[in-house]
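Working notes, beginning with the structure itself.
Number of protein chains: 2
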Amino acid sequence: MCELMGMSANVPTDICFSFSGLLERGGRTGPHKDGWGIGFYEGKGFRSFIDPLPCCNSELAGLIKNYPIKSHTVISHIRQANSGGIKLENTHPFSRELWGQHWCYAHNGQLKGFEQLACDVYTPVGETDSEHAFCWLLSQISLLDQEETSKCDFAYKMKPKLDHLRSLGVFNMLMSDSTYLYAYCSTKLSWITRKAPFGEANLKDVDLQVNFVNETTLSDVVTVVATEPLTHNEEWNTMSEGELVVFRNGSLICRVT
Amino acid sequence: MCELMGMSANVPTDICFSFSGLLERGGRTGPHKDGWGIGFYEGKGFRSFIDPLPCCNSELAGLIKNYPIKSHTVISHIRQANSGGIKLENTHPFSRELWGQHWCYAHNGQLKGFEQLACDVYTPVGETDSEHAFCWLLSQISLLDQEETSKCDFAYKMKPKLDHLRSLGVFNMLMSDSTYLYAYCSTKLSWITRKAPFGEANLKDVDLQVNFVNETTLSDVVTVVATEPLTHNEEWNTMSEGELVVFRNGSLICRVT
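Structure below.
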């Protein structure tokens with residue numbers, strides 16, 4: 001099992017606190033030592049940092065943990081390899097461009113028979129089931145109407161494709177096109193929205209706490225999605241099997257079950 | 001004018017020495033303060049580090065300068081903005097996937113009328129002439145025969161498209177598909193191949209020298225391409241207008257004039 005983490009916020013927000021917790025699971029409190037990656041959107045711009053080394057002792061991960069990149073949308077992943085070797089090209093998140101937007105994606109789970117999925121528009125570079133599924137999914141999405149009036153209509157059209165991937169095994173997923181954060185649950189995914197009145201949060205995996213009152217303004221809305229709750233003194237929403245949620249600017253705008 | 005730098009090598013090689021020289025031009029010895037980026041191939045895997053901040057005082061650039069990422073092929077760019085604002089999405093190098101390979105590209109120069117270039121397959125995310133030209137170029141390349149028997153035949157077919165971009169202004173370019181490094185000259189581009197017997201090199205822009213005898217083995221072949229020679233005690237090859245050169249594993253395999 002890999003671990004996923006995503007963020008959606010209405011103001012550029014750094015993810016240092018949550019990333020600190022996730023990093024510990026990359027080889028220290030968790031078994032996910034086969035690479036890690038994190039993708040940041042800054043406006044339409046996108047950059048990712050990926051490394052096939054365990055993140056708990058990666059120099060690069062250390063920099064990211066302390067380098068407050070302010071972003072509206074973040075997708076992060078730490079890997080426990082099952083399909084595909086420990087190589088850079090097999091390291092999440094994966095990204096491709098569609099409709100002049102960078103799409104970023106990370107997957108947790110394992111899929112059987114993924115080689116049968118036709119990748120017409122996008123071709124995998126590495127050997128993982130995850131990237132193959134992404135190339136298929138994005139090829140399918142490219143056939144949808146980009147100008148769908150409601151994002152929920154779009155999500156409803158996307159869901160059967162996600163359900164199809166879930167039918168091949170375990171498919172927990174985070175994806176973004178820079179504006180929207182899509183989270184799809186197969187077996188395990190939780191999320192929390194933090195907004196005023198802000199309180200204090202304590203990380204589960206490392207002795208670190210933050211008082212969001214000191215870090216935020218009253219109008220901030222920040223949602224964090226993770227495989228397992230990252231804090232132990234807050235109420236996280238546990239997603240159900242086959243559920244798709246869509247966030248924009250930190251707020252839940254659509255839920256398809 | 002921006003500055004380009006590329007590397008092709010037959011063994012995974014770090015670019016720290018040359019990058020140190022290039023960095024100085026990013027706001028200290030040169031005027032290129034509008035962002036920087038560097039893309040590394042490790043096998044088929046690709047990762048890039050891009051930043052809209054001046055590289056000479058970028059924390060991230062400092063890390064890369066001292067973090068010996070070993071790579072066969074590298075493309076780097078420091079930017080002096082002319083087309084498109086100083087934003088992440090306008091920061092080189094740009095990348096897209098074609099044929100299951102990550103293609104990476106950086107451009108120096110300015111193009112007129114680039115908006116007329118049809119981007120059928122790839123769509124620009126930012127507003128630069130450079131990314132638009134890349135999307136057009138890669139759309140054109142996608143129509144070529146991927147399995148061309150000789151890489152020189154492929155280069156000959158690519159050249160008229162590069163010439164077309166040069167007809168729109170200044171178009172110095174570096175591009176790679178992970179295996180090959182393509183360098184195309186419009187006004188200014190030089191390269192050097194280092195192999196045994198190795199000697200000493202002195203950077204122009206910073207008081208740094210390296211004795212490659214201590215850094216290499218006898219069989220190493222490393223080519224560096226740059227807008228202007230990075231060292232002052234070595235003989236660089238100056239490219240002519242309209243010249244395309246192709247490197248693989250550090251060696252020149254094709255030259256089309």
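First to last, the protein sequences are chains A and B. Under this note's numbering, the first residue of the first sequence is numbered 1, with each subsequent residue one higher. Under this note's numbering, the first residue of the second sequence is numbered 1, with each subsequent residue one higher. Note that beta-carbon positions come from the ideal geometry of N, C-alpha and C, so glycine has one too. Bear in mind the structure is a predicted one, so any value in this text is a computation, not a measurement.
- With at least 16 other beta carbons inside 10 angstroms of its own, Pro54(A) counts as buried.
- For Arg96(A), the three-state secondary structure derived from DSSP is strand.
- For Lys195(B), the pairing in a beta bridge is given by DSSP as Val221(B).
- Contact check for Val225(A) against Gly6(A) passes: the beta carbons are separated by less than 8 Å.
- By the neighbour-count criterion, in which a residue is buried when 16 or more other Cβ atoms sit within 10 angstroms of its Cβ, Asn90(A) is buried.
- With contacts defined as CB atoms closer than 8 Å, Ile15(A) and Ser71(A) qualify as a contacting pair.
- Apart from sequence neighbours up to five positions away, the residues of its chain that approach Tyr182(A) with a beta-carbon distance below 6 Å are Met175, Val246, ordered along the chain.
- Looking at the backbone, the Cα of Gly43(B) and that of Asp34(A) are separated by about 17 Å.
- Excluding residues up to 5 positions away in sequence, Ala118, Cys119, Asp120, Val121, Tyr122 lie with their Cβ nearer than 8 Å to the Cβ of Ser139(A) in the same chain.
- Against chain A, the CB of Trp99(B) has a partner CB under 8 Å away; the residue lies at that interface.
- For Lys161(A), the CB contacts under 7 Å within the same chain, skipping 5 residues up- and downstream, are Leu137, Gln140 in chain order.
- Residue pairing by DSSP leaves Trp236(A) without any beta bridge partner.
- Counting only Cβ-Cβ distances below 8 Å, Leu63(B) has contacts in chain A at Glu59, Leu60, Leu63, in chain order.
- Residues of the stretch 122–138 of chain B with a C-beta less than 9 Å from any C-beta of chain A: Tyr122, Thr123, Pro124, Val125, Gly126, Cys135, listed in chain order.
- At a cut-off of 3 residues, the continuous stretches assigned as beta strand (DSSP E) that sit fully inside the stretch 26–98 of chain A are 36–42, 45–51, 71–78, 94–98.
- Listed along chain A, the residues sitting closer than 9 Å to Gly45(B) by beta-carbon distance are Ile50, Pro52, Lys87, Leu88, Glu89, Asn90, Thr91, Val125, Gly126.
- In terms of beta-carbon proximity, His102(A) lines the interface with chain B, with at least one pair separated by less than 8 Å.
- A residue is called buried when at least 16 other Cβ atoms come within 10 angstroms of its Cβ; Thr73(B) meets this threshold and is buried.
- In this structure, Glu147(B) keeps its C-beta atom at 8 Å or more from the C-beta atom of Ile78(B).
- Among the CB atoms of chain A, none fall inside 8 Å of the CB of Tyr105(B).
- Taking a Cβ-Cβ threshold of 8 Å, the residues of chain A close to Tyr67(B) are Glu59, Leu60, in chain order.
- Put simply, of Pro93(A), His107(A), Gly84(A), Ala201(A) the residue whose alpha carbon is nearest the alpha carbon of Leu165(A) is His107(A).
- Neighbours of Arg96(B) in chain A, taken as residues at a C-beta separation under 9 Å, are given in chain order as Arg96, Glu97.
- Taking 7 Å as the cut-off between beta carbons, none of the residues of the stretch 146–157 of chain B comes near chain A.
- Under the criterion of beta carbons closer than 8 Å, Ser190(A) and Asn237(A) qualify as touching, at roughly 6 Å.
- Within 9 Å of the CB of Glu42(A), the CB atoms of chain B belong to Pro52, Lys87, Leu88, Glu89, in sequence order along the chain.
- Annotated three-state conformation of Tyr180(A) is strand, per DSSP.
- The beta carbon of Val213(B) is closer than 6 Å to those of Phe198 in its chain, skipping five residues each way along the sequence.
- In this structure the stretch 202–211 of chain B does not touch the stretch 247–254 of chain B; the number of beta carbon pairs closer than 8 Å is below three.
- Glu234(A) is the residue among Val221(A), Thr227(A), Glu234(A) whose C-alpha sits nearest the C-alpha of Glu200(A).
- Rounded to whole angstroms, the separation of the alpha carbons of Phe17(B) and Leu218(B) is 19 Å.
- For Phe154(A), the enclosing alpha helix (DSSP H) stretches over residues 151–166.
- In the DSSP assignment, the residues bridged to Gly169(A) are Leu111(A).
- Within a 10 Å sphere around the beta-carbon of Gly85(A) sit fewer than 16 other beta-carbons, which makes this residue exposed.
- Counting only residues of its own chain and dropping the five nearest sequence neighbours on each side, Pro229(B) has a CB closer than 6 Å to the CB of Ser190, Trp236.
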